[in-house]
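Student: Just passing along the structure, written as structure tokens.
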Amino acid sequence: MRLAYAPYNLKFKAPAGTSRGILNEKQTYLIKIWDESDPSRYGIGEASLFRGLSAEDNDRYEFKLVETLANVALGIPTDLSRHSSIQFGLEQAIFDFSNGCKGIYFPSDFTAARQSITINGLVWMGSFDEMIERIEQKISQGFKCVKLKIGAIDFIKELEMVKHIRRHFDSDTLEIRVDANGGFSMDNAIARLARLAELDVHSIEQPIRQGHWDLMAFLCQVSPLDIALDEELIGITDLRSKIEMLDTIRPKYIILKPSLCGGFSGAMEWIKLADERNIGWWVTSSLESNIGLNALSQWVATLNTSMPQGLGTGGLFTNNFESPIYLDGEQLKFNAEQPFD
Numbered sequence: 001m002r003l004a005y006a007p008y009n010l011k012f013k014a015p016a017g018t019s020r021g022i023l024n025e026k027q028t029y030l031i032k033i034w035d036e037s038d039p040s041r042y043g044i045g046e047a048s049l050f051r052g053l054s055a056e057d058n059d060r061y062e063f064k065l066v067e068t069l070a071n072v073a074l075g076i077p078t079d080l081s082r083h084s085s086i087q088f089g090l091e092q093a094i095f096d097f098s099n100g101c102k103g104i105y106f107p108s109d110f111t112a113a114r115q116s117i118t119i120n121g122l123v124w125m126g127s128f129d130e131m132i133e134r135i136e137q138k139i140s141q142g143f144k145c146v147k148l149k150i151g152a153i154d155f156i157k158e159l160e161m162v163k164h165i166r167r168h169f170d171s172d173t174l175e176i177r178v179d180a181n182g183g184f185s186m187d188n189a190i191a192r193l194a195r196l197a198e199l200d201v202h203s204i205e206q207p208i209r210q211g212h213w214d215l216m217a218f219l220c221q222v223s224p225l226d227i228a229l230d231e232e233l234i235g236i237t238d239l240r241s242k243i244e245m246l247d248t249i250r251p252k253y254i255i256l257k258p259s260l261c262g263g264f265s266g267a268m269e270w271i272k273l274a275d276e277r278n279i280g281w282w283v284t285s286s287l288e289s290n291i292g293l294n295a296l297s298q299w300v301a302t303l304n305t306s307m308p309q310g311l312g313t314g315g316l317f318t319n320n321f322e323s324p325i326y327l328d329g330e331q332l333k334f335n336a337e338q339p340f341d
């Protein structure tokens with residue numbers, strides 16, 4: 001068995017405003033696994049490191065990647081509990097190889113083109129006018145759930161955006177989610193949550209920065225708006241800590257990003273713990289290329305959930321890969337006739 005990796009720079013079509021600043025490109029790593037007897041057949045996966053956000057972001061990342069691939073080839077166990085993106089990419093490559101090297105990671109009705117996945121329309125950070133235009137575009141495309149990234153402009157203007165939507169679409173017609181990326185403080189969080197709740201916002205992701213469990217638990221207790229944990233999950237790797245965090249904060253929802261929370265196996269552990277506590281969840285992509293998005297979408301399709309998911313569509317980059325995943329309105333679908341490039 002042979003394994004190799006290659007870095008790949010994804011280039012954004014337009015500068016992307018995120019909680020970690022403006023991005024023009026994003027480096028990712030492709031993992032390949034094959035048998036020396038037939039190098040033409042190989043499994044492919046994506047280790048989608050998110051610099052500035054991933055707990056594993058340091059100057060030894062590629063050393064860990066080399067070590068991991070060497071150990072796997074030699075059959076030596078490797079601890080990847082602190083390296084979610086490598087776990088994520090390696091799982092993909094192994095699943096692809098095991099399923100015939102055809103880009104089918106999780107065979108299902110989805111990969112047979114008999115099932116689709118409902119997703120939310122993501123509205124990136126921008127100026128007031130830019131975000132209004134993007135919101136209207138998502139609605140015209142048929143999305144019944146939109147997610148707004150907030151925190152880039154004045155909160156009053158962001159509130160006006162939500163009011164603008166609600167003047168035309170009530171909560172029965174359009175679900176609104178917002179993501180604060182930890183941008184609120186305890187001085188303003190309660191008042192802001194109340195203002196958003198008045199506008200029938202569905203939920204808010206990570207209102208304050210992660211790591212303040214007692215403060216977040218207090219917000220979850222008193223907030224009129226449902227709170228979803230996102231960054232709070234990053235870096236929590238052992239079962240005991242996961243249980244302690246969920247039992248302390250008791251959120252309404254958690255957001256699962258396999259490239260940041262232990263790969264597919266780590267995310268499944270979070271789902272099991274959440275289900276046991278009646279905590280809702282959905283899955284969100286994290287700027288993966290179409291390789292990671294393909295695998296992620298196939299995995300989500302096996303989870304039997306009807307809640308809109310936060311999956312990307314691969315349209316952000318100029319140099320993405322061809323993919324069988326495509327968007328039809330708010331439905332993510334799989335073209336079984338489209339070869340994976």
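To convert, note that position 130 of the sequence shown is 130 in my numbering; the numbers rise steadily by one, no gaps. We put the beta carbon where it would ideally sit given N, CA and C, even for glycine. In this text the structure is predicted, and so the values were computed from the model without any measurement.
#1: Using DSSP bridges, identify the partner residues of Asp328.
#2: How would you call Arg192, buried or exposed, if buried means at least 16 neighbouring beta carbons within 10 angstroms?
#3: Buried or exposed: Glu46, going by 16 or more other Cβ atoms within 10 Å of its Cβ?
#4: My understanding is that Gly182 touches Glu130, with C-beta atoms under 8 Å, so please give their C-beta distance in whole angstroms.
#5: Measure the beta-carbon distance from Leu10 to Ala16 and round it to whole angstroms, keeping in mind my assumption that it falls under 8 Å.
#6: Asp214 by DSSP, collapsed to three states: which one?
#7: Take the Cβ of His168 as the centre, count every other Cβ of all protein chains shown within 10 Å, and call the residue buried at 16 or more, exposed below.
#8: Which class does Cys145 belong to by DSSP, given the choice of helix, strand or coil?
#9: Decide if the stretch 100-114 is in contact with the stretch 279-286; the criterion is three or more beta carbon pairs, one per stretch, under 8 Å apart.
#10: Would the stretch 80-88 count as touching the stretch 52-72 if we require 3 or more Cβ pairs under 8 Å?
#11: Whether or not the stretch 51-63 and the stretch 106-124 are in contact is what I'm after, with contact meaning three or more pairs of Cβ atoms, one per stretch, closer than 8 Å; do they touch?
#12: From Arg41 to Ile254, what does the alpha carbon distance come to, in whole angstroms?
#13: What first and last residue would you give for the beta strand (DSSP E) that runs through Leu30?
#14: Under the three-state reduction of DSSP, which class applies to Glu46: helix, strand or coil?
#15: Ala274: buried (16+ other C-beta within 10 angstroms of its C-beta) or exposed?
#16: Would you be able to state if there are at least three C-beta pairs under 8 Å between the stretch 228-246 and the stretch 256-271?
#17: Check for me: the alpha helix (DSSP H) holding Trp124 runs from which residue to which?
#18: Can you tell me which of the three DSSP states Asn278 falls into?
#19: Going straight from the alpha carbon of Leu293 to that of Gln210, what length do you get?
#20: Could you name the residues of the same chain whose beta carbon sits closer than 8 Å to that of Gln331, not counting the 5 residues immediately before and after it, in chain order?
#21: Between which residues of its own chain and Phe365 is the CB-CB distance below 6 Å, once the five residues before and five after are set aside?
#22: Let me know the secondary structure DSSP gives Thr313 once reduced to three states.
#23: With a threshold of 7 Å, establish whether the CB of Thr248 neighbours any heavy atom of the ligand NAP.
Tutor: Walking through what the data contain:
#1: In the sequence shown, counting from the first residue as 1, residue 328 sits at position 328. The secondary-structure analysis by DSSP pairs Asp328 across a beta bridge with Gln331.
#2: Along the sequence shown, read from residue 1 onward, the residue named residue 192 stands at position 192. The residue in question, Arg192, is buried, as its Cβ has 16 or more Cβ neighbours within 10 Å.
#3: Translated into the one-based positions of the sequence shown, residue 46 becomes position 46. By the 16-neighbour rule on beta-carbons within 10 angstroms, Glu46 is buried.
#4: Position 182 of the sequence shown, counted from the first residue, corresponds to residue 182. Position 130 of the sequence shown, counted from the first residue, corresponds to residue 130. Going by Cβ atoms, the distance from Gly182 to Glu130 rounds to 22 Å, so no, they are not a contact pair.
#5: Locating residue 10 in the sequence shown gives position 10, where the first residue counts as 1. Locating residue 16 in the sequence shown gives position 16, where the first residue counts as 1. Cβ atoms of Leu10 and Ala16 stay farther apart than 8 Å, at about 10 Å.
#6: The sequence position of residue 214 within the sequence shown is 214, counting from 1. DSSP places Asp214 in helix when its eight states are reduced to three.
#7: In the sequence shown, the residue the question calls residue 168 occupies position 168. Classification of His168: exposed, given that the 10 Å Cβ count is below 16.
#8: Reading the sequence shown from its first residue, position 145 is the one you call residue 145. Secondary structure of Cys145 (DSSP, three-state): strand.
#9: Taking 8 Å as the limit for Cβ pairs, the verdict is that the stretch 279-286 does not touch the stretch 100-114.
#10: Three or more pairs of CB atoms, one per stretch, sit closer than 8 Å, so the stretch 80-88 contacts the stretch 52-72.
#11: Verdict: no, contact absent.
#12: Stepping through the sequence shown from its first residue, residue 41 is reached at position 41. Stepping through the sequence shown from its first residue, residue 254 is reached at position 254. Straight-line Cα distance between these residues: approximately 37 Å.
#13: On the sequence shown, residue 30 is found 30 positions in, with the first residue counted as 1. Run containing Leu30: 21-34, per the beta strand (DSSP E) assignment.
#14: Reading the sequence shown from its first residue, position 46 is the one you call residue 46. Here Glu46 carries a strand assignment [DSSP, helix/strand/coil].
#15: The residue labelled residue 274 in the question sits at position 274 within the sequence shown. It is buried - the Cβ of Ala274 has at least 16 other Cβ atoms within 10 Å.
#16: Segments in contact, yes.
#17: For this step, residue 124 is matched to residue 124 along the sequence shown. No residue range can be given for Trp124, since it is assigned to no alpha helix (DSSP H) and is classified by DSSP as neither H nor E.
#18: As a first step, residue 278 is located in the sequence shown; it is residue number 278 there, counting from the start. Of the three classes helix, strand and coil, the one that applies to Asn278 here is coil, per DSSP.
#19: Numbered from 1 along the sequence shown, position 293 holds the residue referred to as residue 293. Numbered from 1 along the sequence shown, position 210 holds the residue referred to as residue 210. Roughly 26 Å between the two C-alpha positions.
#20: For the purposes of this step, residue 331 is taken as the residue at position 331 of the sequence shown. Leaving aside the five residues that flank Gln331 on each side, the residues in its chain whose CB is nearer than 8 Å to its CB run, in chain order, Ser116, Ile117, Thr118, Ile119.
#21: Since the displayed the chain opens at 1 and closes at 341, residue 365 lies outside it and no answer follows.
#22: In the sequence shown, residue 313 corresponds to position 313, counting from 1. Note: Thr313 maps to coil in three-state DSSP.
#23: Although the ligand NAP was asked about, the structure shown includes no ligands whatsoever.
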